[in-house]
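Notes follow once the structure below has been shown.
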Amino acid sequence: MTNQSNEPGGPKGTIRSRLLAARRACAPEQRARWSAAACEVLLERIGDARTVAAYASFGTEPDTGPLLAALLERGVRVLLPILENDMSLSWGRYSGSDSLVRRIPPGGTRPGPIAEPAESLGPEAVLTADWIVVPALAVSPCGVRMGRGGGSYDRTLAAIEASGGAARPRIAALLYPGEVGVDIPVEPHDRPVDVAVTADEVHDWRESPGRFPRA
580 MTNQSNEPGG
590 PKGTIRSRLL
600 AARRACAPEQ
610 RARWSAAACE
620 VLLERIGDAR
630 TVAAYASFGT
640 EPDTGPLLAA
650 LLERGVRVLL
660 PILENDMSLS
670 WGRYSGSDSL
680 VRRIPPGGTR
690 PGPIAEPAES
700 LGPEAVLTAD
710 WIVVPALAVS
720 PCGVRMGRGG
730 GSYDRTLAAI
740 EASGGAARPR
750 IAALLYPGEV
760 GVDIPVEPHD
770 RPVDVAVTAD
780 EVHDWRESPG
790 RFPRA
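Letter by letter, the sequence shown follows residues 580 to 794 in the numbering used here.
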């Protein structure tokens with residue numbers, strides 16, 4: 580069944596279009612400065628994590644390059660996602676750009692090839708992470724993430740929540756200024772993050788009450 584709120588003319592589709600247009604309108608140099616600053620802030624928050632699941636940024640997304648490089652320099656085990664044909668996520672080890680291959684994503688979810696790990700460790704590998712850094716277009720005032728509408732990360736985050744326990748990975752979103760606190764239509768499948776980081780702000784909802792589990 581099609582989720583009408585995710586349609587281009589639906590409420591979420593309209594918000595996504597506005598956010599993507601704002602990113603495209605921002606000068607690449609400014610995006611790079613914001614990205615570098617946000618990665619530095621996030622690295623401080625991650626602390627002495629031993630395993631971090633993240634992603635290779637695409638297009639106008641906040642550049643995760645500085646984050647990935649710093650994590651490898653620290654000796655952190657880094658996992659990146661692999662988008663499977665059923666739109667689920669598996670995870671593979673990242674050890675530098677030469678550990679990635681470029682693949683055409685399924686379902687036309689991207690206009691061109693994306694960089695992914697060459698070998699998959701399976702979907703459960705993400706549960707070994709101390710932190711998971713997820714892509715987002717915006718985060719609501721109560722920490723609910725808005726992605727691109729494919730649902731892959733919502734399903735992954737739901738599985739992580741279902742794993743339960745205080746030892747579950749912490750979830751962080753990397754964003755540009757102005758993308759936190761956005762009024763987003765929230766649906767039952769939408770999942771929250773624990774922390775949202777921009778170049779000049781950190782929002783932490785781990786102690787916040789509400790219907791979303793933040794064990």
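Note that CB positions come from ideal geometry on N, CA and C, so glycine has one too.
Would Arg672 and Leu662 be called neighbours here (beta carbons separated by less than 8 Å)? no
Assuming Pro702 and Ser667 are in contact, meaning their beta carbons sit under 8 Å apart, how far apart are those beta carbons, in whole angstroms? 6 Å
Inter-residue Cα distance where the pair is Pro641 and Gly589: 25 Å
Measuring alpha carbon to alpha carbon, tell me which residue in Ala715, Pro756, Gly728, Leu621 is nearest His768. For His768, the nearest C-alpha among the options comes from Gly728.
Pair within 8 Å by beta-carbon distance, Thr777 and Pro764: Taking a C-beta distance under 8 Å as the contact criterion, Thr777 and Pro764 do not qualify as a contact pair.
If distances are taken between C-alpha atoms only, which option among Ala775, Leu753, Val772 comes closest to Ala615? Minimum Cα distance to Ala615 is reached at Leu753.
Give the range of the alpha helix (DSSP H) segment to which Pro590 is assigned. 590 to 604
Kindly indicate which residue of Asp773, Trp784, Val761 has the alpha-carbon position closest to the one of Arg597. Each of Asp773, Trp784, Val761 was checked against the Cα of Arg597, and the nearest Cα belongs to Val761.
Grab the span of the alpha helix (DSSP H) containing Arg624 for me, first residue to last. Residues 607 to 625.
Opposing strand residues paired with Tyr673 [DSSP bridges]: Val657
How big is the Cα-Cα spacing for Leu716 and Glu758? 7 Å
As assigned by DSSP and simplified to three states, the class of Val765: Coil at Val765, not helix or strand.
What does a CB cutoff of less than 8 Å around Arg785 pick up in its chain, not counting 5 residues either side in sequence? Arg749, Asp773, Val774, Arg793
Report the rounded CA-to-CA distance for Tyr634 versus Gly654, giving the unit in angstroms. Here the C-alpha atom of Tyr634 lies approximately 17 Å from the C-alpha atom of Gly654.
Whole angstroms are fine: how far does the CA of Arg610 sit from the CA of Asp779? 13 Å
In angstroms with no decimal places, state the Cα-to-Cα distance between Pro788 and Pro771. Per-residue confidence for Pro788 stands at a pLDDT of 47, beneath the threshold of 50, marking its modelled position as unreliable; the derived number appears in the next sentence. In this structure, the CA atom of Pro788 is about 12 Å from the CA atom of Pro771.
Could you check what DSSP says for Val520 in three-state terms: helix, strand or coil? The chain is shown only over 580 to 794; residue 520 falls outside these bounds and no answer can be derived.
Taking the alpha-carbon positions, what's the Val631 to Trp710 distance? So the two alpha carbons sit approximately 5 Å from each other.
Please classify Lys591 as buried or exposed, where buried requires at least 16 neighbouring CB atoms within 10 angstroms. buried
Proximity below 8 Å, CB of Trp670 to CB of Val712: no
Please report the residue range of the beta strand (DSSP E) in which Thr735 lies. First-last for Thr735: 731 to 742, but that is the alpha helix (DSSP H), not the beta strand (DSSP E).
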